[in-house]
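J.:
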Amino acid sequence: MNLSTPNHSQPEAPAAAQREDRRPRNGQTREHPPRPPASGPPQDFLGNRFVYVVLSPRAHGLSVGVDLAPARLCSFDCIYCEVDRQSPPREIRLEVEVMAAELEHTIQYVQSNRLREHPVFGQLPPDLCQLRQVTLSGQGEPTLCSNFVEAVQAVVHLRALGRLPYFKLVLVTNGTGLNLPTVQAGLKYFALSDEIWIKLDVGTQEQMDFINRANVPLETVLDNIRLVGRQRPVVIQSLFAAYNAEEPSLEHIEQYAQRLRELRADGAQIAQVQIYSATRRSHNPLCTHLPLRSLSRIAQLIRCATDLSVEVF
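For the sequence shown, the numbering used here assigns the number 339 to the initial residue and increments by one for each residue that follows.
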């Protein structure tokens, strides 16, 4: 049973592609004006290797991102993923000292209002050029970063120096590595105002095998959400997409909501659930964006089933 009529349209608000996707292909030229990227790491900004700037709906504005997974290593292989893992990565390993220097320079660039001098961001309203958060994310799974603790320490140390306005730190993760000792050690440096956003798209192992194609079972992700959620509030980020023009079934949503109820019953503190869809072109042409009306309907079902705060992006 589908939630609504299958949607055959293109995404309503497609995000800007990564740098590679803006290059001419097959002899064609593209004359689209530059647009601020909505997510993902275009590290060509300011010549950076590990730090990038994006407009993030879920951050409610500007986010400075740190790519903890430049080699694109990930424990998921989601059907909606847009990351190109066929071509060789530009970087193999995060260099913490380089990243820290890039982060300080980029935040200074943003705070001095020089961002509006950049052609991509020049036409934005001033309030959208204000820094909302620093995000630990990247082209793969950030908790698999071999120097995760050192990276977190460097970012927190930079914040503690007081040379920059205080910023919120957010880890965006698929949850598979949250139980790793190095990750648990790194999370101890997070302040109460910092946040952890954990991916959960499904409610059953069968759904996870089809959508996330992970090398760890669903129960491991749920256990890790419990582990961290008992320590501090977490945000659940959930992507729902159409596949072969079919939207997620009502049964899919109900099973997903049941997992959320179980997590809460087990003591996990869920501050918010973020509902969104695939905004950039997937490598799988059968996987497409859900329209806002469908996302809103899904969100309402989840609110009614869980009594959680649910926001649509």
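Just so you know, even glycine gets a beta-carbon here, dropped at the ideal spot from N, CA and C. Here the structure is a predicted model, which means the values were calculated and not measured.
Hey, how far is the Cα of Val648 from the Cα of Phe383?
T.: 33 Å
J.: Under the three-state reduction of DSSP, which class applies to Ser450: helix, strand or coil?
T.: coil
J.: Give me the Cα-Cα distance between Pro427 and Ala409, rounded to the nearest whole angstrom.
T.: 6 Å
J.: For the stretch 606-623 and the stretch 411-422, state whether three or more C-beta atom pairs, one from each stretch, are separated by less than 8 Å.
T.: Yes, the stretch 606-623 is in contact with the stretch 411-422.
J.: Cβ atoms of Ala606 and Ile574: under 7 Å apart, would you say?
T.: no
J.: In the DSSP output, which residue or residues are listed as bridge partners for Cys467?
T.: According to DSSP, Cys467 bridges with nothing at all.
J.: Taking DSSP as the reference, what is the three-state secondary structure of Arg602?
T.: Arg602 falls in the helix class under three-state DSSP.
J.: Measuring CA to CA, which of Ala609, Gln424, Ala492, Ala552 is closest to Gln569?
T.: Ala609
J.: Tell me whether the beta-carbon of Ile534 lies closer than 7 Å to the beta-carbon of Val494.
T.: no
J.: Quick one: what's got a C-beta closer than 6 Å to Ser475's C-beta in the same chain, skipping five residues either side?
T.: For Ser475, where only same-chain residues beyond five positions count, the Cβ hits under 6 Å are Gly403, Val510.
J.: Going by beta-carbon coordinates alone, are Leu482 and Leu538 separated by less than 7 Å?
T.: no
J.: Using the Cα positions of His443 and Leu400, report the straight-line distance between them to the nearest angstrom.
T.: 16 Å
J.: Per DSSP, what kind of secondary structure is Tyr527 in: helix, strand or coil?
T.: coil
J.: So, under 8 Å CB-CB, Thr644 and Ala583 are touching, yes? Tell me the CB distance rounded to an integer number of Å.
T.: Contact doesn't hold; Cβ gap of about 28 Å is too wide.
J.: On the CB-based measure, 16 or more other CB atoms within 10 Å of its CB, does His621 come out buried or exposed?
T.: exposed
J.: Buried or exposed: where does Phe459 fall if 16 or more other Cβ atoms within 10 Å of its Cβ makes it buried?
T.: The residue is buried, with at least 16 neighbouring Cβ atoms inside 10 Å.
J.: From Phe548 to Gly541, what distance separates their C-alpha atoms?
T.: 12 Å
J.: If Leu560 and Leu601 are in contact, beta carbons under 8 Å, what's the gap, nearest whole angstrom?
T.: In this structure Leu560 touches Leu601 by the C-beta definition: roughly 7 Å separates them, less than 8 Å.
J.: Can you look up Ala439 in the DSSP assignment and give me helix, strand or coil?
T.: helix
J.: Give me the Cα-Cα distance between Arg635 and Cys642, rounded to the nearest whole angstrom.
T.: 11 Å
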